[in-house]
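Below is one structure, written out as structure tokens, with a few remarks after it.
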Amino acid sequence: MEHGLSQKAVEIARPFGFPVTNSMVVMWIVAIALILFAQNATRTMKQVPDGPQNLLEWLIEGLYRFLEGVIGHHLVERTFWFFGSVFIFILAANWFGLIPGVGSIGWGHVTAAGFQLDVPLFRGANADVNMTLAMALVFFACWIVWALQEIGLKGFFKELFAPKSESAGPMRVLMIVVFFAAGCLEVISILFRPVSLSFRLYGNIFAGETMLETMARVPHVGWLVQIPFYFLELLVGLVQALVFMLLTAVFTLLICQHHEEGPATAHD
Amino acid sequence: MNVLAVTVESSGGGRVEEIARTFGVDWPHLAAQVVSFSIVCALLYWFAYKPVLRMLEERRRQIAQGLANTEKINAALAAIETQRREIMTAARTEAARLIEEARGVARRVKEQETQRAVAAAEQLVLKAREAAAREHTRMLTELRGEVGRLVVTTAAAVTGKILTADDQRRLAEEAARQLT
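This is the structure in structure tokens:
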């Protein structure tokens, strides 16, 4: 029996032979909640917004303007659906994972020390590498498509391997070799981006949940010790959503910036 | 099948597989999460981004149109103000001209009326003089007759003789001649 929070999501059901894990349950709950909220907020759009429409407009407009300042007007028009969804979903999933009951309700057995939880019904969606890796892979696929659409196949390889400076003679040959080697390193770096993106998010969220669970085990005052860390985790949830979104946005800008005007001029 | 094990089969595939197994990464769950996340993106685009961004664009367009209309209204107001000033200036000029014209007309009417009154007064004076002359003549005539009778009466009383009609007529004429 594994003590403490498991490093991986646990299968809780297998309907029609498909394995459903506790993190998938949370993912679907968060997704359904977001969709219902969005549908409710935009059912009857008003010129003067109020209630849910006001909140949704504030969130989307704020994100849009923020991303427009980072990657420019042209790119944000094309890619906002992804970056907006990534931020909103990661933030919602991270904060949902802090609701009491997530990780503490489930199946277990009674021991001499009390009830021992074996299989939690819910697990933070981003405390599962499958989820974070899925988002990173979707981004990776989108990144390739956007790059090819913006600079084409030739431009894509030129961006990776071609010398960036003007030179002639032996210096040019040297620059070609150097930039080709740098391009090979860049390709490896790009291939590892999904791994770094997914493990960064997973590591932060899993560490937060583990810390909260450890605090809860402090005798008598566990509930009290947890409280400041809950606020810390609220902040971590926001920061990690922002980091994931910003990193993916910057990766996109880096490959598309030769065709996309810089953010400063994109406003003009 | 393990995802990471497939991608890095050639070098250290076993370690990668072990890592993947440790973190529970496998194709069914990964594919399910990819599909789920893609669906979330699509539904958020359909229910959130599309209507909200359309509304924001519509609002931005209306604000721009409102500002443009405000500029047009301001320009129209400025034109109306200029036109009002021009009309007021023209009205003042016209009023001054009318007042001057009215004064001229009044002056002419006054002169005409004065001349008419003077003429009427002169006419009255002339008529009065004529009447006075006629009265004077009548009175002189009556006086002559009366004086003649008195002279005849006085002469008869002084002389003590009875005057003939011829004497009386001659005395009366003499007295009248003396009075003229």
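Those protein sequences? They're chains L and W, same order as listed.
Numbering-wise, this note's numbering puts 182 at position 182 of the first sequence, and it's gapless, one number per residue.
Numbering-wise, this note's numbering puts 17 at position 17 of the second sequence, and it's gapless, one number per residue.
Don't be surprised by glycine CBs; every beta carbon is placed ideally from N, CA and C.
Bridge partners of L/Glu-11 according to DSSP: L/Thr-21. Residues of chain W with a Cβ closer than 9 Å to the Cβ of L/Thr-79 do not exist; the shortest Cβ-Cβ separation is about 11 Å. W/Ala-155 sits close to W/Leu-163, with the two beta carbons spaced by under 8 Å.
For the region 53-101 of chain L, there is no continuous beta strand (DSSP E) assignment of 3+ residues that stays within its boundaries. Here W/Gln-115 carries a helix assignment [DSSP, helix/strand/coil].
Of all residues in the region 15-35 of chain W, the ones placed with a Cβ closer than 9 Å to any Cβ belonging to chain L are Ala-20, Arg-21, Thr-22, Phe-23, Gly-24, Val-25, Asp-26, Pro-28, His-29, Leu-30, Ala-31, Ala-32, Gln-33, Val-34 and Val-35, in chain order. Taking a Cβ-Cβ cut-off of 7 Å, the neighbours of L/Ser-85 in chain W comprise Val-40, Cys-41 and Leu-44, given in sequence order. For W/Met-88, the nearest beta carbon of chain L is not closer than 8 Å to its own beta carbon. For L/Leu-117, the pairing in a beta bridge is given by DSSP as L/Gly-108. The region 79-98 of chain L and the region 245-258 of chain L touch, with three or more beta-carbon pairs separated by less than 8 Å. Close to chain L, meaning a Cβ-Cβ distance shorter than 9 Å, are the following residues of the region 59-76 of chain W: Arg-59 and Gln-62.
The DSSP-derived three-state label of W/Gln-33 is helix.
Comparing C-alpha distances from L/Gly-108 to each of L/Glu-61, L/Gly-4 and L/Asp-118 shows the shortest one belongs to L/Asp-118. Closer than 9 Å at the C-beta level to chain W, one finds these residues of the region 87-99 of chain L: Ile-88 and Phe-89. Look at L/Asp-128: its C-beta is under 8 Å from a C-beta on chain W.
Here L/Asn-204 is buried, its C-beta having at least 16 other C-beta atoms within 10 Å. Of all residues in the region 82-106 of chain W, none is placed with a Cβ closer than 8 Å to any Cβ belonging to chain L. DSSP places W/Ser-38 in the helix class (H, G or I) of the three-state scheme.
Membership of L/Leu-160 in the alpha helix (DSSP H) is indicated by the continuous run 129-161. At least 8 Å separates the CB of L/Glu-209 from every CB of chain W.
A straight-line Cα-Cα distance of about 9 Å links L/Ser-196 and L/Leu-133. With a threshold of 8 Å between beta carbons, L/Pro-163 makes no contact with chain W. Under the 10 Å beta carbon count, L/Asp-50 is surrounded by fewer than 16 other beta carbons and is classified as exposed. In the three-state scheme derived from DSSP, where H, G and I count as helix and E and B as strand, W/His-136 is classed as helix.
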